[in-house]
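Working notes, structure below.
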Amino acid sequence: MSSILQYTELYRDNAELIDKGSAPVLNKLRRQAFDTLSETASFPAKHTEGFEKTSIEDLFAPDYGINILRKNLPVNLAATFRCDVPRMSTLTGFVVNDAFIPGHDIERKLPEGVIFCSLAKAAEQYPGLVEKHYGRLAPAGDATVALNNMLVQDGVFIYIPRNVIVERPIQIVNIFSSPIPLMALRRILVVAEQGAKASILVCDHTNDTTQNYLSSQIIEIFAGPGSDIGFYDMEESSPLTSRYSRLFANQQQDSRLLVDGITLANGKTRNDYTINLDGPNAEAMLGGMAIGSGNQHIDNNSQLTHTAPYCRSNQIFKYILDDEATGAFEGGINVSHGAIKTQAYQSNRNLLASQGARMHTKPQLLIFC
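Written out as structure tokens, the structure reads:
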């Protein structure tokens, strides 16, 4: 049975429960997502264009549980997560599987006007703001995006108002904790208004390293004119934890976006980065680092599109692979018609520390200007 079929049947049989456990704004995309998946034969398989070394179909094929009933699964936050960065003080929220838990006294510590809370809660309290941005960057016709739209029930919402500077980093700690194999549908929505500035740190951890887990994560970042956003994503999970994370960002005039993805411990990982420099003089910096050993698999794919003139982008990904670890990098730079005076750079540097390690790299450049 196709992995898509098991999820469409799950939704069809439990649509009322899923809608009840979420918010109306999130529920609006579910039926369209169900229709999209019903017409899709399968997820991308290995060796198809853009997925030469990673099968998304195989990632989603196992029969993972999904917490449709929104049960509170026990987790010891203090034992699972401890930040070892000296003198680092963050505004912290936790995502246990797929449920957001705010850190202690978080609302009092946030600057005035800044929102950092559960996506489901934000969709209830600020429906207009969330509906304006939710699902606007992630393409609804894409199968894995549709799967997330169909089944997601919570996530993280971050809003930085105009000209507000958030001095302390905002930290999201993702934790897997379940006595059975589990898939978590995760969602992060970041909206930075004109002149806003913030740093966001996301880190993945696994509480029970003996269970199989899958993270399906969609990230949408709206960088308003003149905003400055740093997004740092660190994966330190377990050999039985797989992840498919997709980041979609749109940058307006004079905005600056830094995205940095680091994989230290994992099972199988695929990260997609889609960034659109949509306003003049925008700047994007995309970096990635992977350290793999054993049978780890790390695949990064980037597509940076320059649609406006006078924009700058820089990509650099570095891998160190040992034992039987495998890595892949496919990076694209797309310069659209009218995107004059574009400056775009891309580099992929790899070190294979054993005879069994393997690396696939495929840089690409398309110029239509």
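Residues in the sequence shown are numbered from 40 upward in steps of one, following our numbering. We treat Cβ as the ideally placed atom computed from N, Cα and C, and that holds for glycine.
Identified DSSP bridge partners for residue i
i	result
E369	N340 and K401
S128	Paired residues: none, contrary to the question.
I214	V135 and H244
A185	None; A185 has no bridge partner.
E88	In DSSP, E88 forms no bridge with anything.
Y198	I154 and V230
K307	S281 and H336
V374	H345 and I406
I209	L130 and I239
E275	A304
G104	L221
L112	Beta-bridge pairing links L112 to no other residue.
L360	G331 and L391
Delimiting residues of the beta strand (DSSP E) encompassing residue i
i	result
V205	Note, V205: premise wrong, no beta strand (DSSP E); not H, not E.
D299	R295 to A304
A288	T280 to Q290
N389	Q382 to L391
F99	Counting along the chain, F99 falls outside any beta strand (DSSP E), though it belongs to the alpha helix (DSSP H) covering I95 to F99.
Among the options, nearest to residue i - alpha-carbon criterion
i	options	result
A288	A231, I214, A80 and P200	A231
K85	T75, T79, L76 and E96	E96
P150	Y165, P208 and S284	P208
S352	F270, V374, D311 and A179	V374
A72	A100, A185, H143 and L297	A185
R282	H336, D74 and A235	H336
T381	A347, F368, E48 and M273	A347
V241	P178, G104, V212 and L253	V212
F139	Y252, S94, L190 and R225	R225
T87	R388, C408 and E369	E369
G331	N315, V205, H376 and E274	E274
Q256	Q385, P101 and G174	G174
S41	Q192, R201 and F82	F82
Q385	H399, L404 and I379	L404
G366	N340, D299 and Y252	N340
N246	L221, G263 and I227	L221
E146	A383, N136, L130 and R51	L130
E259	Y252, K59, L253 and I268	I268
G104	H345, G371, Y252 and G265	Y252
G89	Y312, P319 and S393	Y312
S94	K401, D338 and N188	D338
G9	I314, Q290, L279 and M328	Here the chain covers residues 40 to 408 and nothing more, so residue 9 does not appear.
G371	L44, S393 and K401	K401
Y358	A100, R388, K92 and I107	R388
Q292	D317, N106, V134 and S276	D317
G265	S393, L190, H244 and I204	I204
is_contact[residue i, chain D] using C-beta, thresh 8 Å
i	result
A323	Protein chain content of the structure displayed is limited to a single chain, and chain D is not contained in it.
Where the alpha helix (DSSP H) through residue i begins and ends
i	result
T47	S42 to K59
A72	R69 to S77
V64	P63 to N66
Review point. Which ranges would you report for the beta strand (DSSP E) in the segment 230-273 if only whole runs of at least 3 residues count?
Key: 236-245 and 252-262, all fully within the segment 230-273.
To test your reading of the DSSP string, which unbroken beta strand (DSSP E) runs of 3 or more residues are found completely within the segment 131-180?
138-141 and 154-157
Which complete beta strand (DSSP E) runs does the segment 309-358 hold, if anything under 3 residues is left out? 322-331 and 336-345
- Hey, is the segment 61-68 in contact with the segment 146-162, meaning 3+ C-beta pairs nearer than 8 Å? yes
- Task: Taking 8 Å as the threshold, find out whether the segment 313-327 comes into contact with the segment 342-359 through three or more Cβ pairs.
- Result: yes
Worksheet item: Does the pairing of the segment 107-117 with the segment 206-224 give three or more beta-carbon distances under 8 Å?
Response: The segment 107-117 vs the segment 206-224: in contact.
Q) Given 8 Å as the limit, is there contact between the segment 306-317 and the segment 195-214, that is, 3 or more CB pairs closer than that? A) No, the segment 306-317 does not touch the segment 195-214.
Below 8 Å, can you find three or more Cβ-Cβ pairs linking the segment 271-286 to the segment 173-184?
-> These segments touch.
Practice prompt. Flag this pair as touching only if the segment 166-176 and the segment 233-248 have three or more C-beta atom pairs under 8 Å; answer yes or no.
Written response: no
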